[in-house]
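Just remember that the working numbering sits 238 ahead of the position in the sequence shown, which is counted from 1.
Even for Gly, the Cβ is constructed at its ideal location relative to N, Cα and C.
None of the values given here were measured: they were computed from a predicted structure.
Remarks on the structure that follows.
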Amino acid sequence: MPLTNEQKKEYKSIGHHLKPVLTVAEQGLSEGVQAELERALNDHELIKVQFRIAERDDRRALMDELCRIGRCELVQVIGKMALVYRKNPKPNRQLSNIHRHQA
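Here you go:
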């Protein structure tokens, strides 16, 4: 289900203060990167991903592929940084960036 503009606005404000938890470089979406993406989305729901790829079109294609593989929503892209979100049906309140922000 796509995020509403209101949700995106809220998530952008939360994401502004986050540090990237995942870096995608020239090797692309390797198995290790995919495993870490899965873990990070399960734990935190809202994460920042840094893309160390020079070409803008390649970077954007990788962002779209990451969202498809991770079954997550692209909230925001600023330069080489992407903010992505996937709802966890049973979030850990200590780890989830969404729940920690609302507390």
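Beta-carbon separation (whole angstroms), residue i vs residue j, contact threshold 8 angstroms
i, j, result
"residue 313", "residue 287", "Not confirmed; about 11 angstroms, so no contact."
Residue i, buried or exposed, once every other Cβ within 10 Å from all chains shown has been counted against 16
i, result
"residue 254", "exposed"
Span separating the alpha-carbon of residue i from that of residue j
i, j, result
"residue 338", "residue 332", "6 angstroms"
"residue 334", "residue 292", "31 angstroms"
"residue 322", "residue 305", "8 angstroms"
"residue 248", "residue 340", "10 angstroms"
"residue 298", "residue 307", "14 angstroms"
Per DSSP, the bridge partner or partners of residue i
i, result
"residue 261", "288"
"residue 311", "323"
"residue 316", "319"
Proximity below 8 angstroms, CB of residue i to CB of residue j
i, j, result
"residue 303", "residue 324", "no"
"residue 275", "residue 260", "yes"
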